[in-house]
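A quick write-up on the structure given underneath.
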Amino acid sequence: GAGVSQTPSNKVTEKGKYVELRCDPISGHTALYWYRQSLGQGPEFLIYFQGTGAADDSGLPNDRFFAVRPEGSVSTLKIQRTERGDSAVYLCASSPTGRAGLTGELFFGEGSRLTVL
Amino acid sequence: AQSVAQPEDQVNVAEGNPLTVKCTYSVSGNPYLFWYVQYPNRGLQFLLKYITGDNLVKGSYGFEAEFNKSQTSFHLKKPSALVSDSALYFCAVRDPGGSQGNLIFGKGTKLSVKP
Chain S
1 GAGVSQTPSN
11 KVTEKGKYVE
21 LRCDPISGHT
31 ALYWYRQSLG
41 QGPEFLIYFQ
51 GTGAADDSGL
61 PNDRFFAVRP
71 EGSVSTLKIQ
81 RTERGDSAVY
91 LCASSPTGRA
101 GLTGELFFGE
111 GSRLTVL
Chain F
1001 AQSVAQPEDQ
1011 VNVAEGNPLT
1021 VKCTYSVSGN
1031 PYLFWYVQYP
1041 NRGLQFLLKY
1051 ITGDNLVKGS
1061 YGFEAEFNKS
1071 QTSFHLKKPS
1081 ALVSDSALYF
1091 CAVRDPGGSQ
1101 GNLIFGKGTK
1111 LSVKP
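First to last, the protein sequences are chains S and F.
Note that my numbering has the first sequence beginning at 1, numbered continuously upward.
Note that my numbering has the second sequence beginning at 1001, numbered continuously upward.
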């Protein structure tokens, strides 16, 4: 597709369960980003990939959160032992290499809304 | 630490009137500054950015923003608002010496343009 695709769009789970959220970036974009947006707040950085490797994972809140991008395209955000406080919209974005990628113009998907009951 | 403040939760404007959405920032060094817009049920969309050069930057949909270093501000403006401009607007900052991916976003300002 033309844009960043995220699945599922909505996920409801129970406390303690494991969740995977998927992101398919724009074709050819080497950089991929995960952000989290809680109600009434701006997006909060989680992790950034350049190719297959995590270039910056300083935003991951704890070791229950993990993300992979094994082939440098699709990425999966994994959350173990979910807690009610994990409820948020998880946003994925991508950017190309070159000046646009270095200066922060990100292309966002519509997000995956996670609700932990 | 880097931070962004959007002092207004909501801005109400009549169609055809000028609009301003305020943003102030705190970052060491010269910042990279951005505005993004979020329409209902849509992903965040890039509007404009300031990296260096002219303090007045022009972006999509007729929006512009002025970088003011002395006031550490980057207010978003449009000369004549449209009803279709109603959306949630986010200001963001990045430390040029920091991680490429780590944009710091404000809490957002809801813009409501009435006919």
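For each residue, glycine too, the CB sits at the ideal point set by N, CA and C.
#1: List, in chain order, every chain S residue whose beta-carbon is nearer than 8 Å to that of N1102(F).
#2: Taking 8 Å as the threshold (C-beta atoms), are S1099(F) and Y18(S) in contact?
#3: Once DSSP output is grouped into helix, strand and coil, what is the label at S1060(F)?
#4: Can the beta-carbon of P43(S) be found less than 8 Å from the beta-carbon of S73(S)?
#5: Does R84(S) pass the burial test, meaning 16 or more other C-beta atoms within 10 Å, or should it be called exposed?
#6: So F108(S) contacts chain F; which residues on that side make the cut at Cβ distance below 7 Å?
#7: Strictly under 8 Å for the Cβ-Cβ distance: is G28(S) near chain F by that measure?
#8: Using three-state DSSP, classify S73(S) as helix, strand or coil.
#9: Taking the C-alpha atoms as reference points, what is the distance between K15(S) and I79(S)?
#10: Listed in chain order, which residues of the stretch 74-93 of chain S have Cβ atoms closer than 8 Å to some Cβ of chain F?
#11: Counting only runs that start and end within the stretch 22-56 of chain S, where is the beta strand (DSSP E) found for 3 or more residues in a row?
So, from the data block:
#1: Numbered from 1 along the second sequence, position 102 holds the residue referred to as residue 1102(F). By Cβ distance, chain S contributes F45, Y48, D56, S58 and G59.
#2: As a first step, residue 18(S) must be located in the first sequence, where it is residue number 18. As a first step, residue 1099(F) must be located in the second sequence, where it is residue number 99. Not in contact: Y18(S) and S1099(F) (Cβ atoms no closer than 8 Å).
#3: Within the second sequence, residue 1060(F) is the residue found at index 60, counting from 1. In the three-state DSSP reduction, S1060(F) falls in the helix class (H, G or I).
#4: In the first sequence, counting from the first residue as 1, residue 43(S) sits at position 43. In the first sequence, counting from the first residue as 1, residue 73(S) sits at position 73. For P43(S) and S73(S), no; Cβs fall outside 8 Å.
#5: Position 84 of the first sequence, counting from 1, holds the residue named residue 84(S). By the 10 Å Cβ count, R84(S) comes out exposed.
#6: One-based indexing of the first sequence puts residue 108(S) at position 108. Result: G1043 and L1044.
#7: Here residue 28(S) refers to the residue found at position 28 of the first sequence. Cβ-Cβ to chain F under 8 Å: no for G28(S).
#8: Within the first sequence, numbered from 1, the residue matching residue 73(S) stands at position 73. If DSSP states are grouped into helix, strand and coil, S73(S) belongs with coil.
#9: Position 15 of the first sequence, counting from 1, holds the residue named residue 15(S). Position 79 of the first sequence, counting from 1, holds the residue named residue 79(S). Their Cα atoms are separated by approximately 11 Å.
#10: Across the stretch 74-93 of chain S, CB contacts with chain F closer than 8 Å involve L91 and A93, in sequence order along the chain.
#11: 31-37, 44-50 and 53-56
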